[in-house]
Every structure is written in structure tokens, then in C-alpha cells.
Amino acid sequence: MTPKNLDPRDKENYLLFDDIIDLKTAQKEHDHFTSVIKKFTGADKCLELNSLLNDTSKDFNGDLTYPLPNIMFTRDLGVSIGNSMIITWASNKVRNPENIIAKHVIKNHKLFSDCNVYDFHKNHPNLALEGGDFTLINEQVIAIGISERTSKVSVEAITPFLHENGIKYIMCFNMPEERRFMHLDTVFSVIKSDEAIVYPPFFEAGNSQELDVDIITTSKSGPFSKETLRASSAFKELNINFNLIECGGSDPAMQDREQWTDGANAFCLAPGIIVLYDRNPSTLHELEKHGYKKISANDFLVLDNFDRSKKTVITIESGELSRGRGGPRCMTMPINRIK
Numbered sequence: 001m002t003p004k005n006l007d008p009r010d011k012e013n014y015l016l017f018d019d020i021i022d023l024k025t026a027q028k029e030h031d032h033f034t035s036v037i038k039k040f041t042g043a044d045k046c047l048e049l050n051s052l053l054n055d056t057s058k059d060f061n062g063d064l065t066y067p068l069p070n071i072m073f074t075r076d077l078g079v080s081i082g083n084s085m086i087i088t089w090a091s092n093k094v095r096n097p098e099n100i101i102a103k104h105v106i107k108n109h110k111l112f113s114d115c116n117v118y119d120f121h122k123n124h125p126n127l128a129l130e131g132g133d134f135t136l137i138n139e140q141v142i143a144i145g146i147s148e149r150t151s152k153v154s155v156e157a158i159t160p161f162l163h164e165n166g167i168k169y170i171m172c173f174n175m176p177e178e179r180r181f182m183h184l185d186t187v188f189s190v191i192k193s194d195e196a197i198v199y200p201p202f203f204e205a206g207n208s209q210e211l212d213v214d215i216i217t218t219s220k221s222g223p224f225s226k227e228t229l230r231a232s233s234a235f236k237e238l239n240i241n242f243n244l245i246e247c248g249g250s251d252p253a254m255q256d257r258e259q260w261t262d263g264a265n266a267f268c269l270a271p272g273i274i275v276l277y278d279r280n281p282s283t284l285h286e287l288e289k290h291g292y293k294k295i296s297a298n299d300f301l302v303l304d305n306f307d308r309s310k311k312t313v314i315t316i317e318s319g320e321l322s323r324g325r326g327g328p329r330c331m332t333m334p335i336n337r338i339k
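Quick note on our numbering: the sequence shown kicks off at 1 and runs consecutively.
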């Protein structure tokens with residue numbers, strides 16, 4: 001990667017990064033992150049994309065001549081809903097080779113042999129949607145960001161498929177089309193059935209930045225009806241009671257700063273047990289105020305008996321990983337969760 005890869009005006013060479021990262025340090029940080037997941041789930045349940053690719057017969061080395069630094073953000077490559085999987089398609093062509101790799105793995109690996117697969121690009125070749133804009137609220141409700149990466153037309157296109165898979169309501173959060181808010185999970189992460197981390201200005205009643213939310217009732221033929229509400233009241237409309245924890249705390253400057261460094265992008269290992277970047281102290285303090293025990297990845301990895309009954313935030317080092325504009329949630333794609 002060179003400086004020319006950092007300029008969004010250079011359409012041919014732009015790689016969606018904001019800075020040149022130190023590769024060895026980033027790899028070390030990522031290895032540390034995967035070690036946390038493996039310790040919690042068991043190594044056999046933390047699957048590396050390279051390993052899945054090696055299990056299939058396809059060799060992409062001769063086909064891919066362009067670097068793929070964003071492939072570490074696997075969340076964007078698919079959306080898992082029950083026993084179904086949506087293969088996504090990125091809005092920026094620099095990420096489309098990742099979509100092709102993910103499509104090959106999902107369609108050919110035995111892990112997905114019983115999965116109901118929906119190939120979005122095959123069905124809608126002129127549209128795009130990305131996994132970072134999708135958040136399952138419960139078995140009947142899904143939240144989707146209408147962002148610079150996912151359009152309303154794309155959401156309408158998959159509404160029948162979502163309906164077939166038990167989704168009754170789609171909450172469409174109308175996001176500003178700005179890079180710092182590229183996906184819904186940059187401002188909203190569910191961390192427990194009744195808790196979420198949010199970027200406060202988008203969810204505060206009366207705030208000039210409060211988001212509009214379109215609540216779509218699904219049907220087998222597409223959107224059945226739509227109601228538009230403000231973000232502060234949208235969850236209650238669907239009888240969802242969320243305790244919203246402030247990314248950055250109450251200080252507007254820290255809210256902006258820590259949203260930029262992925263303070264609202266938490267990976268949920270289990271309800272109330274999350275992984276977050278260590279560089280977001282105000283967000284971590286808010287979590288502690290809401291009953292979360294903070295523990296570093298180093299300390300977690302040497303624990304003999306981790307108490308899964310207590311709310312916990314595990315912090316990982318992030319000096320280099322955060323330069324790629326993605327957090328712990330971005331770097332994971334859950335395939336299946338145990339109820």
C-alpha cells in the first residue's frame with residue numbers, strides 16, 4: 001500500500017483505507033483478537049477465511065492481481081439469518097473480488113451445504129448491499145442502515161427473502177452518506193437482548209442529527225407497508241426496549257472521536273460479553289457504569305475460569321487495526337449462534 005491508495009479521488013487505486021498501516025503490528029493485533037474468540041468459542045468454531053478457501057478446490061492466486069486489504073472486514077461479505085445466508089455485493093468495485101471469494105466458499109464448502117443461499121448480485125446485478133448495514137434485533141426484526149453502501153432499493157429487493165426467513169419488520173435507519181458513517185454498525189451495535197451501544201446524536205430525541213427510521217412490514221411480494229418514525233421512538237413502536245449506552249459518553253467531542261475509532265462497533269461473543277477496541281476509554285467507562293467488567297485480552301487469555309454469567313467487555317489492542325476503518329464487529333461474520 002502506498003499514499004496513492006489512500007486518495008478517494010483516485011478511483012483506480014483507492015483501497016478505502018485512511019492511512020498506511022504497519023502490517024506486522026496489524027497482524028499481531030488481529031491474531032490477538034482471533035485468540036480471544038478461539039478461547040471463548042473453542043478453536044474449531046473460529047473459522048479463518050483462508051482455511052475455508054483451502055478446503056475448496058479453487059485457487060484464486062492467478063485471478064486476483066489487486067490487493068485485498070479490506071478482506072479482514074468479513075462482516076460485509078454475507079448476512080446470516082437463521083439457516084439462510086445472503087451473499088452480498090459491495091458498492092465499491094475494489095471490494096468485489098472479496099465478494100467473489102466469499103461466494104465461492106459459501107457455495108462450495110461443506111459447512112454451508114445445508115444452508116439456503118441467496119446470491120444478491122446474481123439476482124440484482126445493478127444493486128449493492130453490505131453486511132455491516134445489517135443487525136438482527138430478534139427473530140422477527142432486522143435493522144438495516146440506508147447508507148453510502150446500501151440503498152433503499154436494495155432493501156426492497158431482498159424484502160421477500162427476509163419475509164420467507166421469518167422477518168416481519170425491517171427498521172431502515174436513514175444514515176448520512178458520509179465515510180465515517182459508512183455502515184449502520186459504525187453507530188449501533190446490539191450487545192445484549194436489551195442493550196446496545198449507539199452514537200448518541202443519531203438516537204437522542206430532539207437532536208438535530210436524530211435519524212429517521214422507516215419501519216417496513218414485510219410480505220412475500222415485497223414491502224407491505226411503511227411507517228416513518230424518529231430513532232428515539234422507533235424501537236418502542238415494535239415493543240423493543242433497549243438500554244442505549246453512549247459511545248463516547250456524554251461529551252460531544254468524545255462521541256465524535258470514539259465513533260471514528262469504532263467505539264460503537266462491538267463484537268458480541270454472547271449476550272453481555274463483548275469485544276471492543278481499547279482506544280475508546282469514554283465508551284469503556286460508560287459500559288462499566290452499566291455493569292460491565294473491563295478486562296484486557298491479555299488477562300482474559302490466561303484466565304482458567306471465565307465467568308460467563310457476568311457482563312464483560314474484553315479490550316483488544318487497536319493502534320493499527322483501527323486505521324482500516326473497522327472494529328471488532330466488522331472483522332467477524334457469525335454463521336450460526338446457539339440460542
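Glycine residues also receive a C-beta, built at the ideal position from the N, C-alpha and C atoms. Since the model is a prediction, treat every value here as computed from it, not as a measurement.
Cβ contact check for the stretch 161-171 and the stretch 125-144: 3 or more pairs under 8 angstroms: yes
Sub-9 angstroms separation of residue 283 and residue 245 beta-carbons: yes
Backbone CA spacing between residue 75 and residue 99 [nearest angstrom]: 11 angstroms
From 111, 109, 121, 253, residue whose alpha carbon lies closest to that of residue 87: 121
Residue 265 burial status per 10 Å Cβ neighbour count (16 or more: buried): buried
Beta-carbon proximity of residue 299 to residue 242, cut-off 9 angstroms: no
Assigned secondary structure, residue 331 (DSSP; H/G/I helix, E/B strand, else coil): coil
Extent of the continuous beta strand (DSSP E) to which residue 112 belongs: Where residue 112 is concerned, there is no enclosing beta strand (DSSP E), given that its DSSP letter is neither H nor E.
For residue 84 and residue 326, the rounded distance between their alpha carbons: 25 angstroms
Helix, strand or coil at residue 103 [DSSP, three-state]: helix
Option nearest residue 308 by Cα separation, candidates 137, 274, 285: 274
C-beta atoms of residue 72 and residue 109 nearer than 9 angstroms: no
Between the CA atoms of residue 237 and residue 218 - distance to the nearest angstrom: 16 angstroms
CB of residue 225 within 9 angstroms of CB of residue 216, strictly: yes
Cβ pair residue 79, residue 134 closer than 9 angstroms: yes
At least three beta-carbon pairs within less than 8 angstroms, the stretch 250-263 to the stretch 197-206: yes
Terminal residues of the beta strand (DSSP E) in which residue 71 lies: Unbroken run through residue 71: none, as it is neither H nor E.
For residue 150, the nearest candidate out of 182, 220, 139 (CA to CA): 182
CA-to-CA distance, residue 35 to residue 272, given in whole angstroms: 19 angstroms
Where the alpha helix (DSSP H) through residue 284 begins and ends: 281-289
Best match in 305, 113, 254, 211 for proximity to residue 39 [C-alpha to C-alpha]: 305
Own chain partners of residue 268 with C-beta closer than 6 angstroms, once the 5 adjacent residues on each side are dropped: 191, 274
Contacts around residue 178, its chain only, beta-carbon distance under 8 angstroms, and the 5 residues preceding and following it disregarded: 148
Option nearest residue 118 by Cα separation, candidates 93, 166, 153, 162: 162
One or two residues paired with residue 244 in a DSSP bridge: 196
Residue 159 (DSSP reduced to helix, strand or coil): helix
Residue 138 versus residue 189 - alpha carbon distance: 13 angstroms
Among 93, 318, 330, the one whose alpha carbon lies nearest that of residue 24: 318
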